[in-house]
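This report concerns only the one structure given below.
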Amino acid sequence: MQKLLFWLGVALILLALLYPWLSKLPFGRLPGDIVVEKEHFTFYFPITTSIVVSLLLSLLFWWWRK
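For the sequence shown, the tail end lands on 69 under our numbering, and the numbers increase by one without skipping.
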């Protein structure tokens with residue numbers, strides 16, 4: 004359990020350090036993501052991004068278990 008928490012912490016630190024470059028990737032702005040903008044309201048539902056991230060994580064965990 005301690006190793007898992009350690010590696011999760013390392014991963015979060017790396018993501019935070021890489022954020023300026025990761026934010027330029029098209030994730031979150033893919034075709035199929037729903038954005039509704041009104042005068043004082045913005046609703047954003049990243050359905051396509053969620054599906055892509057889910058598939059990538061599923062493949063990663065499948066590969067890791069193998």
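Quick reminder that beta carbons are idealized off the backbone N, C-alpha and C, glycines included.
In this text, all values refer to a predicted model and were calculated from it rather than measured experimentally.
- request: Taking the CB atoms as reference points, tell me whether residue 35 and residue 45 lie closer together than 7 Å.
  value: Looking up residue 35 in the sequence shown gives position 32. Looking up residue 45 in the sequence shown gives position 42. Against a cut-off of 7 Å, the Cβ pair of residue 45 and residue 35 comes out as no contact.
message: Can you tell me where the beta strand (DSSP E) holding residue 48 begins and where it ends?
response: As a first step, residue 48 is located in the sequence shown; it is residue number 45 there, counting from the start. Note, residue 48: beta strand (DSSP E), 45 to 48.
task: Rounded to whole angstroms, what's the CA-CA distance from residue 9 to residue 42? Just pull it up for me.
output: Start at 1 with the first residue of the sequence shown, and residue 9 comes out as number 6. Start at 1 with the first residue of the sequence shown, and residue 42 comes out as number 39. So the two alpha carbons sit approximately 44 Å from each other.
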